[in-house]
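Colleague:
Numbering (the working numbering), first residue to last: 232 to 463.
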């Protein structure tokens with residue numbers, strides 16, 4: 232769990248990255264929007280918009296906290312009638328979320344930029360160097376390998392990686408990055424393809440046709456990872 236501190240008009244807003252998704256400490260958001268009873272404010276939120284966690288700073292526990300998802304913070308803002316709501320929404324949308332995507336676990340674009348700057352001409356000209364790199368990246372996560380292979384294909388007519396992704400699974404957020412859409416939009420695409428549906432609590436569930444292409448992770452957030460075939 233990674234805690235990213237932000238400040239809005241001298242009020243701290245703690246953001247937590249969970250499974251590559253930003254969550255916000257509800258108490259911090261409520262203070263900005265002048266909401267006195269946080270529990271009442273979130274009681275009708277969907278289960279995937281709120282959660283209780285234990286905060287840890289430098290390995291030390293600092294107690295439980297109620298957190299809300301990206302969707303949850305927008306629900307907070309849209310319900311508020313306070314003048315501060317609009318500038319707060321703009322700040323979240325234009326500063327906080329882009330910054331998280333650049334510096335937090337959403338730093339995939341930065342990773343792409345770093346890979347693009349590799350001296351590929353030297354790699355291709357020296358077989359020994361190329362083999363060492365392949366040996367190192369075999370230990371990387373499937374999504375990073377997929378990005379690397381994509382860039383190598385674009386940079387050189389010679390494919391120096393032979394990676395089989397047929398048994399790899401990816402989060403909707405990761406699939407979305409590959410085709411230029413958000414994780415939420417990717418979920419809607421999967422729904423339109425009849426691979427998943429939302430239950431009465433708003434939680435995504437794989438359909439009978441979708442189960443062939445997914446890996447369901449039975450954790451608190453009921454995550455689903457997908458094979459690349461769903462993009463075809």
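Every residue, glycine too, gets a C-beta built ideally from N, C-alpha and C.
Quick one: what's got a C-beta closer than 7 Å to residue 237's C-beta in the same chain, skipping five residues either side?
Modeller: Once the five neighbours on either side are set aside, the close Cβ partners of residue 237 are 244, 246 and 327.
Colleague: Under 8 Å between the Cβ atoms of residue 434 and residue 453?
Modeller: Cβ atoms of residue 434 and residue 453: closer than 8 Å.
Colleague: Tell me residue 246's beta-bridge partners as DSSP assigns them.
Modeller: 235 and 255.
Colleague: Once you ignore the five residues that flank residue 297 on each side, which residues in its own chain have a CB closer than 8 Å to its CB?
Modeller: Correct list, in chain order: 256, 257, 258, 269, 270, 273, 281, 282 and 283.
Colleague: Give the straight-line distance between the Cα atoms of residue 459 and residue 423, rounded to the nearest whole angstrom.
Modeller: Taking the straight line joining both Cα atoms gives about 16 Å.
Colleague: When DSSP builds the beta bridges, which residues end up paired with residue 300?
Modeller: Answer by DSSP bridge pairing, in chain order: 254.
Colleague: Counting C-beta neighbours from all protein chains within 10 Å, is the total for residue 285 16 or more, i.e. buried, or is it exposed?
Modeller: With fewer than 16 other Cβ atoms within 10 Å, it is exposed.
Colleague: Using a threshold of 8 Å, state whether the C-beta atoms of residue 402 and residue 319 are closer than that.
Modeller: Their beta carbons are not under 8 Å apart, which means residue 402 does not touch residue 319 by this criterion.
Colleague: How far does the beta strand (DSSP E) with residue 416 in it extend, from its first residue to its last?
Modeller: Where residue 416 is concerned, there is no enclosing beta strand (DSSP E), although the alpha helix (DSSP H) it sits in stretches over 414 to 423.
Colleague: Residue range of the alpha helix (DSSP H) that residue 406 falls in?
Modeller: That run of the alpha helix (DSSP H) goes 403 to 410.
Colleague: Can you grab the Cα-Cα spacing for the pair residue 413 / residue 241, in whole Å?
Modeller: When rounded, the distance between both Cα atoms is 30 Å.
Colleague: Going by the CB atoms, is the gap between residue 461 and residue 421 shorter than 8 Å?
Modeller: It is a contact, given that the beta carbons lie within the stated cut-off.
Colleague: Helix, strand or coil: how does DSSP classify residue 447 here?
Modeller: It is a strand residue.
Colleague: In chain order, what residues of the same chain lie with their CB nearer than 8 Å to the CB of residue 426, ignoring the 5 residues before and after it?
Modeller: Closer than 8 Å at Cβ, skipping near neighbours: 437, 438, 440, 441, 444, 445, 457 and 461.
Colleague: Are the CB atoms of residue 278 and residue 432 within a distance shorter than 8 Å?
Modeller: Going by C-beta atoms, residue 432 is nearer than 8 Å to residue 278.
Colleague: Quick one: Cα of residue 295 to Cα of residue 463, how far?
Modeller: Going from the Cα of residue 295 to the Cα of residue 463 covers about 43 Å.
Colleague: Suppose you measure from the CA of residue 310 to the CA of residue 262; what does that come to, to the nearest Å?
Modeller: Cα to Cα, residue 310 sits roughly 14 Å from residue 262.
Colleague: Can you give me the start and stop residues for the alpha helix (DSSP H) that residue 456 sits inside?
Modeller: Premise fails: residue 456 lies in the beta strand (DSSP E), 454 to 457, not in any alpha helix (DSSP H).
Colleague: Excluding five sequence neighbours on each side, which residues of the same chain lie with their C-beta closer than 8 Å to the C-beta of residue 313?
Modeller: Excluding sequence neighbours, residue 313 sits near 264 and 265.
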